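S.K.: Have a look at this one.
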Amino acid sequence: MTDSYFHEGDLVGVLTAQPLDRLLDYKAPEGGCHLGAFVEVPLGPRKVLGVVWGAGKGDYDRSKIRSVIRVLDVAPMRDEMRVFLTRAADYTLTPLHAMLRLATRAPGLGDAQSMRKVYRLADGVPDRMTDAREKVLAVLRDYGGLSFTLGELAEMAGVGTSVVKGLVKHGAVREEEAPRDTPYPRLDPDCGGKELSADQAAGAEALRDALRSDKYGTTLLKGVTGSGKTEVYLEAVAECLRMGRQALVLLPEIALSGEFINRVEARFGMKPAEWHSGVTMTERRRCWRMVGQGDAQMVVGARSALFLPFQNLGLVVVDEEHDTSYKQEDGVLYNARDMTVLRAAINGAQVVLASATPSLESWANVEAGKYQRLELKSRFGASVLPKMSAIDMRAEDLPGGKWVSPTLRGAIAQRLEKGEQSLVFLNRRGYAPVTICRACGHQIACDQCDARMVEHRFLKRLMCHQCGETKPMPTVCPHCEAEDRLSAVGPGVERMGEEVAELFPDARIAVLSSDLYGSARAMKAHIEEIAQGGTDIIIGTQLVAKGHNFPKLTLVGVIDADLGLQGSDLRAAERTFQLMRQVAGRAGRAEAPGEAMLQTYQPEHAVIRSILAGDEEAFWAAEAAERKAAGVPPYGRMAGIVLSSPNVQEVFDLGAEMARRDEPLRRIGAQVFGPAPAPIARVRGRHRVRLLVKAEKTAPLQQALAQWAGQFRLPNNLRLTIDIDPQSF
Ligand code: ADP
Ligand code: ZN
Numbered sequence: 001m002t003d004s005y006f007h008e009g010d011l012v013g014v015l016t017a018q019p020l021d022r023l024l025d026y027k028a029p030e031g032g033c034h035l036g037a038f039v040e041v042p043l044g045p046r047k048v049l050g051v052v053w054g055a056g057k058g059d060y061d062r063s064k065i066r067s068v069i070r071v072l073d074v075a076p077m078r079d080e081m082r083v084f085l086t087r088a089a090d091y092t093l094t095p096l097h098a099m100l101r102l103a104t105r106a107p108g109l110g111d112a113q114s115m116r117k118v119y120r121l122a123d124g125v126p127d128r129m130t131d132a133r134e135k136v137l138a139v140l141r142d143y144g145g146l147s148f149t150l151g152e153l154a155e156m157a158g159v160g161t162s163v164v165k166g167l168v169k170h171g172a173v174r175e176e177e178a179p180r181d182t183p184y185p186r187l188d189p190d191c192g193g194k195e196l197s198a199d200q201a202a203g204a205e206a207l208r209d210a211l212r213s214d215k216y217g218t219t220l221l222k223g224v225t226g227s228g229k230t231e232v233y234l235e236a237v238a239e240c241l242r243m244g245r246q247a248l249v250l251l252p253e254i255a256l257s258g259e260f261i262n263r264v265e266a267r268f269g270m271k272p273a274e275w276h277s278g279v280t281m282t283e284r285r286r287c288w289r290m291v292g293q294g295d296a297q298m299v300v301g302a303r304s305a306l307f308l309p310f311q312n313l314g315l316v317v318v319d320e321e322h323d324t325s326y327k328q329e330d331g332v333l334y335n336a337r338d339m340t341v342l343r344a345a346i347n348g349a350q351v352v353l354a355s356a357t358p359s360l361e362s363w364a365n366v367e368a369g370k371y372q373r374l375e376l377k378s379r380f381g382a383s384v385l386p387k388m389s390a391i392d393m394r395a396e397d398l399p400g401g402k403w404v405s406p407t408l409r410g411a412i413a414q415r416l417e418k419g420e421q422s423l424v425f426l427n428r429r430g431y432a433p434v435t436i437c438r439a440c441g442h443q444i445a446c447d448q449c450d451a452r453m454v455e456h457r458f459l460k461r462l463m464c465h466q467c468g469e470t471k472p473m474p475t476v477c478p479h480c481e482a483e484d485r486l487s488a489v490g491p492g493v494e495r496m497g498e499e500v501a502e503l504f505p506d507a508r509i510a511v512l513s514s515d516l517y518g519s520a521r522a523m524k525a526h527i528e529e530i531a532q533g534g535t536d537i538i539i540g541t542q543l544v545a546k547g548h549n550f551p552k553l554t555l556v557g558v559i560d561a562d563l564g565l566q567g568s569d570l571r572a573a574e575r576t577f578q579l580m581r582q583v584a585g586r587a588g589r590a591e592a593p594g595e596a597m598l599q600t601y602q603p604e605h606a607v608i609r610s611i612l613a614g615d616e617e618a619f620w621a622a623e624a625a626e627r628k629a630a631g632v633p634p635y636g637r638m639a640g641i642v643l644s645s646p647n648v649q650e651v652f653d654l655g656a657e658m659a660r661r662d663e664p665l666r667r668i669g670a671q672v673f674g675p676a677p678a679p680i681a682r683v684r685g686r687h688r689v690r691l692l693v694k695a696e697k698t699a700p701l702q703q704a705l706a707q708w709a710g711q712f713r714l715p716n717n718l719r720l721t722i723d724i725d726p727q728s729f
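Residue 156 in full-length UniProt numbering is what sits at position 156 of the sequence shown, and the numbering runs on without skipping anything.
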């Protein structure tokens, strides 16, 4: 901990999460404050949360400088965290205040601990609205969802406490017990360890050694699904706990199941702290505070857990490190895997990247000697890898509008006879991707986006997968007004459910797709029920490919293995390879051997062949050679610049001007491509144009981008976002 300390009246520079491009000067409050302290400061008529980021500049009239209102009762932000946020901001070209927002996502951060009751917004409407009442409600609305003590709330609204009480009586404000943060029970690193195979033991030992070095390092832990990677990295967690340091395990949101938490409990005797969208506000608040006090030894969480205020972070595991959901695609655009490595380097912590199908980025870092590599060669115990084969669809006899080939149908029938589960995989939500009018050929598209509306028959609606807009399924063509001529074209997962039900009327069938559930919780409950064996045939999207264990599943049939290979994205091959391997890996996890069948119209395609052969090294080598030749990541650097505006002319004009005035980029040898319509050219009524910038690996890309983009005046309502390391290029 730093010993920088500011005495009462000293000038401090405070960083707030408000969109300002500088620190604000305040006087340190009575009793002084530490560097890094979380504080409440006045900003105009409001009070906002901030962090003491350094000494104040004092470059304006001192008598006008106001005082910090109070220091919050939480551990000050550590130096490493401030360095991390600063570097992450620089890397992603994000303003620092936006990074701070990620780091202060604790509900009720401002609550005083000692008070017994807290107050929050409720649904009731008071009989009459007074100015004073309106002020209280405005404060609560402003802080959306947070609760405050009586004194705090009254003070913030500038009213007497009786006004708040009055609102409670009318049900417009709810009074509740202040949640007390109970400490997490201690985890015992030596309680539930399994006896490890030789491969596993060697891996665990290597990770323990790395941890004991007390230095930063990254290890790629590779091994097919079911090879026992989780057991291995839990040993690293155990060692980290023994050393008295904190451990974080990141999982893709969808894989954060009760199943995983139970495994951790079995290993360490107690449940870990959790941080993801499925935990309550109270639980989140508890997690944030305890992590900051060093009283949570282990956190299992989604990508945003990386921004928790760890006191002594020793280890971060990124499971399924290749998963695209680690990239946050709105707000601050960051890749949690890459930011993990940055944070660990600053903290002197170890990183374990676990995957059956590592990203080409990680693979290249191993090649370059930056990461250590550990490999688990076989599946744990009796289970073996599924047998992979292609079904050549050109040779199958299949009527139009049907997608399950006779070969696949026969294989499913066999499983039904044996009482085993099958998975029919199609990575497409909804009933049908296209709805077309048979009279005039019109395809129903979203009004706001450049995208077709997808029929969702369960919901009886059409949905835009870009903006989420839905509308009732029309019976009349919106274009030619012909009646009852609209028809579904192409398969979606719901339609596959129908086809499979016709083929196997007696089978128990479940369709698994994210939009069929009201909540992540409901979905996980259903998945767990299926895992228990209550279903014969699972029809699913990408959702089922991730992290779930289906012990009775022995057959995976991929309806359209070619789907991901369409389009021009340079990552298409990598994605398809990973997804197909992962889906196939669902089969045969327990005693019964598994089989995966890929329906394809191009069985001789290089990617399909390498999937079938299971020769990963060859695949990665070929893929690497291609990317090297093209000078794209991981062998070069890219950035995507998206301009969006309701005015199509403006985005193209600015795009063209940016492409023309590219001196700052040319100076570092970077090239600009575009402007071109973005992969989705219109979203929510905004036209989108994209420029791609490509640079050499070592070029100072961020600086040049900032300089370049800084040259242009943006018309009102035109948004410019820079995406470093875009997912598609
Ligand atoms: P991965 O993380 O590579 O997918 P897991 O660690 O989940 O693999 O292991 C697959 C299955 O094998 C799990 O059910 C796990 O409990 C079991 N398993 C793995 N290692 C051992 C071990 N050493 N002893 C007993 N069971 C194990
Ligand atoms: Zn739309």
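Backbone N, C-alpha and C define an ideal beta-carbon position, used for all residues, glycine too.
If you're wondering where the values come from, they're calculated on a predicted model, not measured in any experiment.
Measuring CB atoms only, is the stretch 611–629 touching the stretch 655–669, in the sense that at least three cross pairs come out at less than 8 Å?
M.R.: Cβ pair count under 8 Å is below three, so no.
S.K.: If you check the beta carbons only, do GLY56 and ASP21 fall under 8 Å apart?
M.R.: no
S.K.: Just to confirm my understanding: we take TYR635, look at its own chain, exclude 5 residues before and 5 after, and list those with CB closer than 8 Å. What are they?
M.R.: Contacts found: ALA364, ALA624, ARG627, LYS628, LYS697.
S.K.: Could you tell me the alpha carbon to alpha carbon distance between residue 733 and PHE652, rounded to whole angstroms?
M.R.: This structure gives no information on residue 733, because the portion of the chain shown stretches from 1 to 729.
S.K.: Which first and last residues belong to the alpha helix (DSSP H) in which GLY192 is found?
M.R.: From DSSP, GLY192 is part of no alpha helix (DSSP H); its letter is neither H nor E.
S.K.: Once the 5 residues before and after PHE673 are set aside, which same chain residues still bring their CB inside 6 Å of it?
M.R.: LEU692
S.K.: Report the residue from VAL500, ASP515, SER514 whose alpha carbon sits nearest the alpha carbon of ARG508.
M.R.: VAL500
S.K.: Any idea what DSSP makes of SER114, helix, strand or coil?
M.R.: Low confidence applies here, because SER114 scores a pLDDT of 39, under 50, leaving its location unreliable and the question unanswered by this model.
S.K.: Taking 7 Å as the limit between beta carbons, can you name the residues of its chain near GLY685, skipping five residues before and five after?
M.R.: GLN448, PRO646
S.K.: In three-state DSSP terms, what is ARG581?
M.R.: helix
S.K.: CB-CB under 7 Å to LYS402, same chain, minus the five flanking residues each way: which ones, in chain order?
M.R.: GLU499
S.K.: Three or more C-beta pairs under 8 Å: does that hold for the stretch 351–363 against the stretch 564–578?
M.R.: yes
S.K.: Would you decide whether SER422 is buried or exposed? Buried here means 16 or more other CB atoms lie within 10 Å of its CB.
M.R.: The residue is buried, with at least 16 neighbouring Cβ atoms inside 10 Å.
S.K.: If you draw a straight line from the C-alpha of ALA112 to the C-alpha of SER147, how long is it?
M.R.: Low confidence applies to ALA112: its pLDDT is 42, below 50, so where it sits in the model is not reliable, and the reading given next is rough at best. Cα to Cα, ALA112 sits roughly 11 Å from SER147.
S.K.: Mapping DSSP to helix, strand and coil, what is SER325?
M.R.: SER325: helix per DSSP, three-state reduction.
S.K.: Please report how far the alpha carbon of GLY534 lies from the alpha carbon of PHE425, in whole angstroms.
M.R.: 18 Å
S.K.: What number of angstroms, rounded off, separates the C-alpha of PRO633 from the C-alpha of ASP725?
M.R.: Going by C-alpha positions, PRO633 is about 8 Å away from ASP725.
S.K.: Whole angstroms is fine: what's the gap from ALA522's alpha carbon to PRO42's?
M.R.: 42 Å
S.K.: Could you give the distance in angstroms between the alpha-carbon of PRO472 and the alpha-carbon of VAL683?
M.R.: Approximately 20 Å between the Cα atoms of the pair.
S.K.: Do LEU555 and ALA411 count as a contact pair if the criterion is CB distance below 8 Å?
M.R.: yes
S.K.: Less than 8 Å between the C-beta atoms of LEU565 and ALA390, yes or no?
M.R.: Taking 8 Å as the Cβ cut-off, LEU565 and ALA390 do not qualify as a contacting pair.
S.K.: Would you mind working out which of LEU35, GLY58, HIS170 sits nearest LEU72, comparing C-alpha positions?
M.R.: LEU35
S.K.: Report the three-state DSSP secondary structure of ARG174 (helix, strand or coil).
M.R.: ARG174 falls in the strand class under three-state DSSP.
S.K.: Which residues does DSSP list as the beta-bridge partners of residue 787?
M.R.: Only positions 1 to 729 of the chain appear in the structure, and residue 787 is not among them; the question remains open.
S.K.: Within its chain, find whatever has a CB closer than 7 Å to the CB of PRO433; leave out the 5 residues flanking it on each side and keep chain order.
M.R.: ARG452, VAL454, GLY490, GLY492
S.K.: When you compare the CB positions of TYR220 and ARG373, do they come within less than 8 Å of one another, or not?
M.R.: Here the sequence assigns Leu to residue 220, which means Tyr is not the residue at that position. Against a cut-off of 8 Å, the Cβ pair of ARG373 and LEU220 comes out as a contact.
S.K.: Regarding GLU231 and the ligand ADP, is the C-beta to nearest heavy atom distance less than 7 Å?
M.R.: yes
S.K.: Closest to MET388 by CA distance: which of THR86, SER162, LEU718, ARG609 is it?
M.R.: ARG609
S.K.: Can you tell which of TRP275, GLU176, ALA138, ALA172 has its C-alpha closest to the C-alpha of GLY158?
M.R.: ALA138
S.K.: Determine the direct distance from the alpha carbon of LEU140 to that of THR541, and round the result to whole angstroms.
M.R.: 40 Å
S.K.: If contacts are defined as beta-carbon pairs under 8 Å, then VAL136 and VAL163 qualify, I think. What distance do you get, rounded to the angstrom?
M.R.: Their Cβ separation, rounded to whole angstroms, is 6 Å, which keeps VAL136 and VAL163 in contact under 8 Å.
S.K.: Quick check: the Cα distance between THR94 and GLN711, rounded to an integer number of angstroms?
M.R.: 17 Å
S.K.: Using the three-state DSSP reduction, which class does HIS34 fall into: helix, strand or coil?
M.R.: strand
S.K.: Using the C-alpha atoms, what's the distance from VAL316 back to PRO76?
M.R.: 22 Å
S.K.: Less than 8 Å between the C-beta atoms of TYR431 and ARG457, yes or no?
M.R.: yes
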